[in-house]
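Data block below; observations after.
Residue numbers (our numbering): 9 to 121.
Here it is as structure tokens:
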């Protein structure tokens with residue numbers, strides 16, 4: 009059963025976002041990990057600049073888990089180099105998702121692409 013809020017939803021969002029990052033690398037930069045990392049670094053710098061200059065967003069720096077992984081978290085995942093079962097498990101652990109049925113479903117989806 010999927011919870012309406014909390015770790016299950018965060019897990020789903022994070023997996024989808026990270027999967028999109030890996031997909032973008034394949035489509036836009038021919039799978040070049042370094043070019044994807046360069047893009048993430050660029051976006052991260054812009055985001056930090058916006059947060060630092062905006063009083064409205066100053067609490068964003070302290071946000072632990074949101075609907076999207078932070079740029080630094082995304083960078084860490086991309087540096088692993090592979091979107092696989094181990095990454096799914098790592099995202100589950102990071103987001104506090106212990107719904108083994110949901111995690112297995114995502115692992116099966118990845119394994120059947």
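All C-beta atoms, glycine included, are put in the ideal place defined by N, C-alpha and C.
Annotated three-state conformation of residue 15 is helix, per DSSP. For residue 86, the secondary structure class from DSSP, reduced to helix, strand or coil, is helix. Rounded to whole angstroms, the gap between the alpha carbons of residue 116 and residue 52 is 31 Å. When the Cα atoms are used, residue 75 and residue 26 turn out to be separated by approximately 12 Å.
Exposed is the label assigned to residue 106, since fewer than 16 other Cβ atoms lie within 10 Å of its Cβ. For residue 119, the enclosing alpha helix (DSSP H) has its first and last residue at 108 to 119. Counting C-beta pairs closer than 8 Å gives three or more between the segment 75 to 86 and the segment 19 to 35, which meets the contact rule.
The beta carbon of residue 37 lies closer than 7 Å to those of 43 and 44 in the same chain, with the five residues before and after it left out.
A distance below 8 Å between beta-carbons, with the five flanking residues on each side excluded, links residue 95 to the following residues of its chain, in chain order: 26, 85 and 88.
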